[in-house]
Every structure is written in structure tokens, then in C-alpha cells.
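Take a look at the structure below.
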Amino acid sequence: MYRKGGRYGPHWFDYSKVETEPKWRDLKGNYTRYGDVLELVQEADNMYIISNAGDETTVEFSAGNLPELKPGWKRDFLINGVGWVKDGDINTALGSTVGPLPFHGMKSYPPSENDKYPDTPQLRKYNAEYNTRVVNQDGYVNALRIK
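If you use my numbering, the sequence shown corresponds to residues 316 to 462, in order.
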């Protein structure tokens, strides 16, 4: 990782330099599988990408049908995202696991007895098809062991 454009530029990544050793303890649970996830980013619903540290989502689209810019102008694009962030801090509620999953309409986190993740056919299908990448803490724990 480096700063593109200098000291205060955005974080950028050099994919020719890859580190494979774990740096921290992953949250245990099911993450979104790799591959096409377009269906998950089209609406603000309870079907979203569950990503782990180091994961990346790429968005591609055509700007070919947009009007030509005046000389000296440049075009910026904004992405409006709706989602949640959960860290692995020991002070975070249930900070060692992916679940329980957050959802629109929940009143508290972690959810109370009366505030359960919706059990709908659509969400059961989403979890079965997309959230199939099982992550555990074995790599981190094994890296800590004295060899």
C-alpha cells in the first residue's frame, strides 16, 4: 500500500507486491464468495457484500454515452454506498465473528431477542449462494506459534 499522489493522497495498492502472512485476527464466519456480485450492489437491501480485510470490489461501467466535456474540464464519479462496518476490536460487540449480520430496520446491535435477522426465502437464497467463503482464525493462530 502507498499514497497515490504524495503524502496526503488516497491509499493505493501495488499488486506486484503481495504479503501473505496474517497481520491480524480475522472475524470467523461466512464471507461473500469471489466473483460477480453485481446483484448485491444494485439496491439498498439486506443483501450485501461481506468482505474481509484485503478484499476488493471493482466497479466498471461505460461513460461512453455521457456528453463530451469542455476543454480543461474533468469528470468525477461518486459512489453512494449503503452498508455496515464491523471491526475486530475486543471492545466491539461480538467482535470475533461475522455474525450476527446487521439488517435494515434493526433497532440495536447486537440485535435483541425481538430484533432478529429476517428469515425470508430471498435472504436464505442470498446467504446460500453468495456467503459461502468460510474464514476462520487458524492462519493467525498458527502464525503466532513458535516454530
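All residues carry an ideal CB built from backbone N, CA and C; glycine is no exception.
At a Cβ-Cβ threshold of 9 Å, K338 and S411 do not count as neighbours.
Nearest in C-alpha terms to G398, of all of D360, G350, V374, is D360. The continuous beta strand (DSSP E) containing G344 extends over residues 344 to 346. In this structure the region 433 to 449 does not touch the region 317 to 331; the number of beta carbon pairs closer than 8 Å is below three.
The three-state reading of DSSP puts V449 in strand, counting E and B together. Taking a C-beta distance under 9 Å as the contact criterion, N345 and V413 qualify as a contact pair. Taking C-beta separations shorter than 7 Å and ignoring five residues to either side along the sequence, the partners of V374 in its chain run I394, following chain order. For R348 and P386, the gap between their C-alpha atoms comes out near 43 Å.
Taking the C-beta atoms as reference points, K440 is found no nearer than 9 Å to P417. The beta carbons of L355 and Y424 sit about 21 Å from each other, so the pair does not count as a contact at 8 Å. Sorting N429, H419, D453, E428 by C-alpha distance to the C-alpha of M362 places H419 at the top.
Y432 sits in coil when the DSSP states are folded into three classes, being neither helix nor strand.
By a beta-carbon distance limit of 8 Å, I364 contacts V352. Their separation comes to about 5 Å.
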